[in-house]
Structure formats: C-alpha cells, structure tokens
Amino acid sequence: MGNWTKKRLKNPDFDPKSHYGVSNGIYKITVGKNIAYPKKSGKTIYIGKSGNLGKRLDDHINHRTNKPGLQAYLRSNTRVYFSIKRVRKHQRRQAMETDELKKHQKIYGMIPICNMRAEKKRR
7 MGNWTKKRLK NPDFDPKSHY GVSNGIYKIT VGKNIAYPKK SGKTIYIGKS
57 GNLGKRLDDH INHRTNKPGL QAYLRSNTRV YFSIKRVRKH QRRQAMETDE
107 LKKHQKIYGM IPICNMRAEK KRR
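For the sequence shown, our numbering assigns the number 7 to the initial residue and increments by one for each residue that follows.
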C-alpha cells in the first residue's frame with residue numbers, strides 16, 4: 007500500500023481537479039485542531055474512496071455532497087487539509103478504505119466523526 011501524499015490546505019487557490027486529476031484511490035480529510043475521540047485525540051474527520059479523486063474532492067469543497075457533518079467543517083473557519091493514496095484497481099480501493107477505517111477505529115476508538123452515518127449504512 008502506498009503512502010499518503012503531503013497534506014494540501016483547502017483555500018481559494020486549491021483546485022483538486024487540476025492537482026489530483028482523475029486519480030483512483032482513497033482520501034483523508036483532516037483538520038488543524040484536535041478531535042476528542044474515545045481513546046485519544048486525532049485530526050482525521052473523514053476517510054473516503056473515489057475513482058476520480060479530483061472530482062470527488064471538488065464536490066466536497068463546493069458543497070455538492072450529502073454529508074452534513076463534513077460540510078459543516080468545510081464551511082467553518084477551521085483549517086481543512088486533504089491527502090490521498092492512489093491505487094490502480096477498483097477492488098483494491100475498497101479494501102484500502104476499509105483498512106484505513108479499521109486502523110482509525112483501533113487507534114482512536116471509533117471511525118472518523120464525519121464517516122459515522124455512511125458507515126452505519128454500509129455495515
């Protein structure tokens with residue numbers, strides 16, 4: 007499994023479509039302040055997957071998603087960062103996302119706070 011890319015700050019100059027293109031993989035959204043999770047504090051608020059990372063992150067930034075908790079963070083004055091892991095195969099993307107969610111749950115005591123509703127539907 008590859009490494010996470012360097013975090014990119016969400017700001018008016020950041021264009022995920024041109025920066026990430028039509029990459030296939032998983033992404034992580036983090037914030038500048040700590041989130042109080044059951045086992046320890048962390049900064050990750052969401053982990054997701056996409057066959058077109060640039061478009062998916064652009065959709066999040068421009069509020070074209072149905073994730074109210076994530077949208078609240080993106081609209082706030084909180085510093086928000088994006089990082090990705092690229093993958094070649096669709097099947098691997100699902101496994102990578104699942105692995106990252108399980109890792110987060112093991113370390114922090116729960117999945118990222120903005121994944122909560124979507125994850126309950128999947129399981």
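We treat Cβ as the ideally placed atom computed from N, Cα and C, and that holds for glycine.
* To do: Taking only the alpha-carbon atoms, compute the straight-line gap between R94 and N9 and give it to the nearest angstrom.
  => As a position in the sequence shown, residue 94 is number 88, starting the count at 1. As a position in the sequence shown, residue 9 is number 3, starting the count at 1. So the alpha carbons of these two residues sit roughly 14 Å apart.
* Roughly how many angstroms separate the alpha carbons of Y43 and I117, rounded to a whole number? -> By 1-based counting over the sequence shown, the position of residue 43 is 37. By 1-based counting over the sequence shown, the position of residue 117 is 111. Going by the C-alpha atoms only, they are around 9 Å apart.
* Y26 - containing beta strand (DSSP E), residue span -> Translated into positions along the sequence shown, residue 26 becomes position 20. No beta strand (DSSP E) contains Y26, which is instead part of the alpha helix (DSSP H) from P22 to Y26.
* Rounded to a whole number of angstroms, what is the C-alpha to C-alpha distance between T50 and H110? -> For the purposes of this step, residue 50 is taken as the residue at position 44 of the sequence shown. For the purposes of this step, residue 110 is taken as the residue at position 104 of the sequence shown. When rounded, the distance between both Cα atoms is 9 Å.
* **V28 classed as buried or exposed, judged by whether at least 16 other C-beta atoms fall within 10 angstroms** => Mapped onto the sequence shown, residue 28 falls at position 22. Answer is exposed; the Cβ neighbour count stays below 16.
* Beta-carbon separation of P18 and I67 under 8 Å? -> Mapped onto the sequence shown, residue 18 falls at position 12. Mapped onto the sequence shown, residue 67 falls at position 61. Contact flag unset, no.
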